[in-house]
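**Q** Those sequence lines, one after another, are chains A and B. Counting from 1 along the first sequence, just add 169 to a position and that's the residue number in our numbering. Counting from 1 along the second sequence, just add 169 to a position and that's the residue number in our numbering. All C-beta atoms, glycine included, are put in the ideal place defined by N, C-alpha and C.
Protein chains: 2
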Amino acid sequence: MTEKTVQTIADLARLAGVSKSTVSRALSDSPLIGEETKERIRALAREHDFQINASASRLSLKESRTIAFVSHPYYQKKGFGVADLFMLEILGGISTGLAKSHYDLLMAYVDPSDTEWPARYLKTGRADGFILMTSTRKQHHIKALVEMKAPFIIWGTPPANQCFCSVTGDNFGGGKLAAEHLLRSGRRKIAFLGGPAEELEVQKRFEGFQSAHLEAGLTLDPALVTYGWFSNESGTERTRTLLEQHPEIDAIFANSDFMAIAALRVAQEMGRRIPDDLAVIGYDNLTIAEDSDPPLTTVSQNIPLAGKLLAQNLIQYLQTGVVTNVSIPAELEIRKSA
Amino acid sequence: MTEKTVQTIADLARLAGVSKSTVSRALSDSPLIGEETKERIRALAREHDFQINASASRLSLKESRTIAFVSHPYYQKKGFGVADLFMLEILGGISTGLAKSHYDLLMAYVDPSDTEWPARYLKTGRADGFILMTSTRKQHHIKALVEMKAPFIIWGTPPANQCFCSVTGDNFGGGKLAAEHLLRSGRRKIAFLGGPAEELEVQKRFEGFQSAHLEAGLTLDPALVTYGWFSNESGTERTRTLLEQHPEIDAIFANSDFMAIAALRVAQEMGRRIPDDLAVIGYDNLTIAEDSDPPLTTVSQNIPLAGKLLAQNLIQYLQTGVVTNVSIPAELEIRKSA
DNA sequence: CTGAAAGCGCTTACAG
DNA sequence: CTGAAAGCGCTTACAG
Chain A
170 MTEKTVQTIA DLARLAGVSK STVSRALSDS PLIGEETKER IRALAREHDF
220 QINASASRLS LKESRTIAFV SHPYYQKKGF GVADLFMLEI LGGISTGLAK
270 SHYDLLMAYV DPSDTEWPAR YLKTGRADGF ILMTSTRKQH HIKALVEMKA
320 PFIIWGTPPA NQCFCSVTGD NFGGGKLAAE HLLRSGRRKI AFLGGPAEEL
370 EVQKRFEGFQ SAHLEAGLTL DPALVTYGWF SNESGTERTR TLLEQHPEID
420 AIFANSDFMA IAALRVAQEM GRRIPDDLAV IGYDNLTIAE DSDPPLTTVS
470 QNIPLAGKLL AQNLIQYLQT GVVTNVSIPA ELEIRKSA
Chain B
170 MTEKTVQTIA DLARLAGVSK STVSRALSDS PLIGEETKER IRALAREHDF
220 QINASASRLS LKESRTIAFV SHPYYQKKGF GVADLFMLEI LGGISTGLAK
270 SHYDLLMAYV DPSDTEWPAR YLKTGRADGF ILMTSTRKQH HIKALVEMKA
320 PFIIWGTPPA NQCFCSVTGD NFGGGKLAAE HLLRSGRRKI AFLGGPAEEL
370 EVQKRFEGFQ SAHLEAGLTL DPALVTYGWF SNESGTERTR TLLEQHPEID
420 AIFANSDFMA IAALRVAQEM GRRIPDDLAV IGYDNLTIAE DSDPPLTTVS
470 QNIPLAGKLL AQNLIQYLQT GVVTNVSIPA ELEIRKSA
């Protein structure tokens, strides 16, 4: 017979010669319990590797102390791109933020066309709130969440008339930083190689880009402003068109590292030397940005911090109802391409 | 006053005019309940959007119906690479596999030097089992898991003397496929650009590579076999050395797409035309393999399937104690580089 | 500061 | 086939 392990607070109470109530209070650090008693019980718990049962605690508390990270299944997806790498990195930050408040991180892969999932997670008590990244049919899901008053936070810029928590990168600042750097190095024919024009993030980056020009007393040539997807292919195609139609371009500000790296390649094929003939700046500072040829100068966001804030601000909202909308700063990671 | 919602099985029981026991049994599809009764209760549950409380159910069942995916925090990591993209893709598969059995997926970010985490998750009843990918100090964690008899499954090849569940890619088959393809196209001076020599995966790929040569009646030139890291940098450096010392090389089989893409670039810089002068094959079939120049021929593994099997086989182990070790097939994704 | 007792919402052995 | 009752392991209002 191995020594009977201490499984419940009742076992611990017996050992300590106190009641279950006292053990429970001691372990949750209640002010009702004397410091000596607490310490004695804690020592006993440590000694016997005691861990409180989460299901029982959650049932009693009526809280799951769990946050669901909402993502989509990859049924028809072929591969993984920017958004995915980004998501992975932010997940780490989220987990750090949640751990601080002893919350668990649940992965919720939901069908993009489903709107019942918030109810399913909330009513079963499997999650207390949700974190949403950019996703297919995002507005659609946000609407469902708002309607059922589900607690959630999003990565991205919330529409002006909405009231829910968000964390976003400083896209205006990022666009501005990029343009300022290029202008400072004497570039005057700078192309804006944007992501989808309808995305708020992209619009903000453009505004920052524009603002840097205005402050320098320069006006933008609208012909050098173009939009596409964040992908490699889109970057390739847009860059080619841009350089063919406007050979005078001396710099490109791309809205993603993938686009920027594509631009690098196309430009070099077309005989431009980087950065002498053409400077290129990307966005996101993914790993691939270090390995490009030449290494990519790019706008960097503190993604772990973003994750941590997503976690902490959602928990704060759960506990106090305070709605926060925060923006994290952008920095320029200067390498060789600009 | 809004209509009072149905929160518990007691509410539902009242509505249906039966006992809680009956409702509970009906919802869990117990054979004890008549089909008509079941259907009536289910209809009522649907109508009122009733969802069973997970904490209560788990407390009663003494199961969390939750699997923890074990990963490490990214404190000092700068960026994300192969392993990460791979992990993200497999996570999707795992979630699919778990969903089928109504298990939840929890992210467990644990300190690589900690060995207490399995106890923490198990004793609190937050997880019933663990999924481990390649990780820092993997053997160390496996040892801890085995010692405390924690249920788990790993991605990778288990050491021969161990008895626990695993899912792995067919690395032997992958190496063989690559070599066969190169030999078939007439290559005779094929370099093996390996990952770390001590990794079982790498050893298996080499064995497959070798086996294809032997079957073709050819012997390997040991000078063309080299090991490094899976990274871009390592690929660059090894390829350069290889091509400088052995200009006769007419093909390279790289152990990762990152290495292969680096090889592509270096070889082209050194004046080789791909695939005419030099054929290159990678491993993993990541997104970046499609976008390389030229597009990369690479060994592809069915990652979503791998994830699904990790989930299903772990659950099977939990429920039946059956230990499975499965290997998923490798395929060659032929593009332009070989 | 501490304890006895009720309650959180399920599941299931037992009795019918 | 159905129900009353005990039990899962916590938390906390209430009483002292």
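Where DSSP assigns a beta bridge to B:Y278, which residues make up the other side?
**A** Taking the second sequence and counting its residues from 1, the one referred to as residue 278 of chain B is at position 109. In DSSP, B:Y278 forms a bridge with B:S240.
**Q** Under three-state DSSP, which class holds A:I210?
**A** Mapped onto the first sequence, residue 210 of chain A falls at position 41. Three-state result, A:I210: helix.
**Q** Where does A:S564 fall in DSSP's three states?
**A** This structure leaves residue 564 of chain A out entirely; chain A is present only between 170 and 507.
**Q** Could you say if the region 331–345 of chain A and the region 377–386 of chain A meet the contact criterion of at least three C-beta pairs nearer than 8 Å?
**A** Segments in contact, yes.
**Q** By the three-class DSSP mapping on this structure, what secondary structure does A:N494 have?
**A** Walking along the first sequence from the start, residue 494 of chain A turns up at place 325. Strand.
**Q** Between which two residues does the alpha helix (DSSP H) harbouring B:S335 extend?
**A** Residue mapping note: residue 335 of chain B aligns to position 166 of the second sequence, counting from 1. Element bounds for B:S335: not the alpha helix (DSSP H) but the beta strand (DSSP E), C334 to G338.
**Q** Under 7 Å: does the beta carbon of A:L474 sit that close to some heavy atom of the ligand SAH?
**A** What this structure holds is no ligand at all, so the ligand SAH is not there to describe.
**Q** Tell me, please, whether the CB atom of B:D419 is closer than 8 Å to any CB atom in chain A?
**A** To locate residue 419 of chain B, count along the second sequence from 1; it is residue 250. Closer than 8 Å: no.
**Q** Could you tell me whether any Cβ in chain B is nearer than 8 Å to the Cβ of A:D280?
**A** Walking along the first sequence from the start, residue 280 of chain A turns up at place 111. Chain B contact via Cβ: absent.
**Q** Taking 8 Å as the CB-CB limit, is A:A225 close to chain B?
**A** On the first sequence, residue 225 of chain A is found 56 positions in, with the first residue counted as 1. For A:A225, the answer is yes, since a Cβ of chain B falls inside 8 Å of its Cβ.
**Q** Where DSSP assigns a beta bridge to B:V394, which residues make up the other side?
**A** If you number the second sequence from 1, residue 394 of chain B lands on position 225. The partner list for B:V394 (beta bridge, DSSP) reads B:F361.
**Q** Measuring CA to CA, which of A:I503, A:D453 and A:I322 is closest to A:V491?
**A** In the first sequence, the residue the question calls residue 491 of chain A occupies position 322. That would be A:I322, whose Cα lies nearest to the Cα of A:V491.
**Q** Please state if the CB of B:L291 and the CB of B:I236 are separated by a distance shorter than 8 Å.
**A** On the second sequence, residue 236 of chain B is found 67 positions in, with the first residue counted as 1. On the second sequence, residue 291 of chain B is found 122 positions in, with the first residue counted as 1. For B:I236 and B:L291, no; Cβs fall outside 8 Å.
**Q** So, under 8 Å CB-CB, A:I300 and A:I263 are touching, yes? Tell me the CB distance rounded to an integer number of Å.
**A** Residue numbering aside, residue 300 of chain A sits at position 131 when the first sequence is read from its first letter. Residue numbering aside, residue 263 of chain A sits at position 94 when the first sequence is read from its first letter. Contact holds; Cβ gap of about 6 Å.
**Q** Judging by CA-CA distance, which residue of B:T405, B:R357, B:P391 and B:E406 is the nearest neighbour of B:A385?
**A** For the purposes of this step, residue 385 of chain B is taken as residue 216 along the second sequence, with counting starting at 1. Measuring from the Cα of B:A385, the nearest candidate turns out to be B:R357.
**Q** Under 8 Å, with one C-beta from each stretch per pair, do the region 329–338 of chain A and the region 475–495 of chain A reach the 3-pair mark?
**A** Judged by Cβ distances under 8 Å, the region 329–338 of chain A makes contact with the region 475–495 of chain A, as three or more pairs qualify.
**Q** Which residues does DSSP list as the beta-bridge partners of A:G386?
**A** Start at 1 with the first residue of the first sequence, and residue 386 of chain A comes out as number 217. Partner(s): none; A:G386 has no beta bridge.
**Q** Using 10 angstroms around the beta-carbon of B:S354, count the other beta-carbons present and answer buried if the total reaches 16, otherwise exposed.
**A** Within the second sequence, residue 354 of chain B is the residue found at index 185, counting from 1. By the neighbour-count rule (16 or more Cβ atoms within 10 Å), B:S354 is not buried but exposed.
**Q** Which residue's Cα is closest to the Cα of A:V468: A:S229, A:L479, A:R504 and A:Q372?
**A** For the purposes of this step, residue 468 of chain A is taken as the residue at position 299 of the first sequence. It is A:R504 whose Cα lies nearest to the Cα of A:V468.
**Q** By the DSSP assignment, the alpha helix (DSSP H) with A:L201 in it spans what residues?
**A** As a first step, residue 201 of chain A must be located in the first sequence, where it is residue number 32. Segment: none, A:L201 is in no alpha helix (DSSP H) and carries neither H nor E.
**Q** Taking all protein chains shown into account, do 16 or more other C-beta atoms lie within 10 angstroms of the C-beta of A:G186, making it buried, or fewer, making it exposed?
**A** Looking up residue 186 of chain A in the first sequence gives position 17. Exposed, since its Cβ has fewer than 16 Cβ neighbours within 10 Å.
**Q** Are the region 276–289 of chain A and the region 440–453 of chain A touching, with three or more C-beta to C-beta distances below 8 Å?
**A** At 8 Å Cβ cutoff, the stretches do not touch.
**Q** On the criterion of 16 or more Cβ atoms from any shown chain inside 10 Å, does B:S188 qualify as buried, or is it exposed?
**A** The residue given as residue 188 of chain B occupies position 19 in the second sequence. B:S188 is exposed by the Cβ-count criterion.
**Q** Would you list the one or two residues that DSSP bridges to B:A448?
**A** Here residue 448 of chain B refers to the residue found at position 279 of the second sequence. For B:A448, which the question treats as bridged, DSSP gives the partners B:A420.
**Q** One question on the structure: do B:D453 and B:D426 come within less than 8 Å of each other, judged by their Cβ atoms?
**A** Sequence index remark: in the second sequence, residue 453 of chain B carries index 284 (1-based). Sequence index remark: in the second sequence, residue 426 of chain B carries index 257 (1-based). Result yes, Cβ atoms of B:D453 and B:D426 sit closer than 8 Å.
**Q** Measuring straight from C-alpha to C-alpha, what distance separates A:K231 and B:I221?
**A** Stepping through the first sequence from its first residue, residue 231 of chain A is reached at position 62. Stepping through the second sequence from its first residue, residue 221 of chain B is reached at position 52. Distance between the alpha carbons of A:K231 and B:I221 is about 13 Å.
**Q** Is the CB-CB distance between A:P320 and B:T265 below 8 Å?
**A** The residue labelled residue 320 of chain A in the question sits at position 151 within the first sequence. The residue labelled residue 265 of chain B in the question sits at position 96 within the second sequence. No, Cβ-Cβ distance for A:P320 and B:T265 is not below 8 Å.
**Q** In this structure, how does DSSP classify A:S188 when only helix, strand and coil are distinguished?
**A** Sequence index remark: in the first sequence, residue 188 of chain A carries index 19 (1-based). Reduced to three states, the DSSP call for A:S188 is coil.
**Q** Quick check: what's the CA-CA separation for A:E438 versus A:E370?
**A** For the purposes of this step, residue 438 of chain A is identified with residue 269 of the first sequence, where counting begins at 1. For the purposes of this step, residue 370 of chain A is identified with residue 201 of the first sequence, where counting begins at 1. Taking the straight line joining both Cα atoms gives about 30 Å.
**Q** Quick one: residues in its chain with C-beta nearer than 8 Å to the C-beta of A:Q331, no 5 flanking neighbours on either side, listed in chain order?
**A** In the first sequence, residue 331 of chain A corresponds to position 162, counting from 1. Hits under 8 Å: I311 and V315.
**Q** Taking only beta-carbon positions, decide if A:I221 is within less than 8 Å of chain B.
**A** Indexing the first sequence from 1 puts residue 221 of chain A at position 52. Closer than 8 Å to some Cβ of chain B, the Cβ of A:I221 qualifies, so yes.
**Q** CB-CB under 7 Å to B:A195, same chain, minus the five flanking residues each way: which ones, in chain order?
**A** As a first step, residue 195 of chain B must be located in the second sequence, where it is residue number 26. For B:A195, where only same-chain residues beyond five positions count, the Cβ hits under 7 Å are I202, T206, K207, I210 and R211.
**Q** How would you write the range of the beta strand (DSSP E) that A:S469 sits in, first residue to last?
**A** The count along the first sequence starts at 1 and reaches residue 469 of chain A at position 300. T466 to Q470 is the extent of the beta strand (DSSP E) around A:S469.
**Q** Give the single residue among B:P287, B:L465 and B:Q481 whose Cα lies nearest to the Cα of B:H309.
**A** Position 140 of the second sequence, counted from the first residue, corresponds to residue 309 of chain B. If we check each option's Cα against that of B:H309, B:P287 comes out closest.
**Q** What's the C-alpha gap between B:L260 and B:G476?
**A** Taking the first residue of the second sequence as position 1, residue 260 of chain B is located at position 91. Taking the first residue of the second sequence as position 1, residue 476 of chain B is located at position 307. When rounded, the distance between both Cα atoms is 6 Å.
**Q** Which term fits A:T489, buried or exposed, when burial requires 16 or more other beta carbons within 10 angstroms of its beta carbon?
**A** Within the first sequence, numbered from 1, the residue matching residue 489 of chain A stands at position 320. Flag for A:T489 reads exposed.
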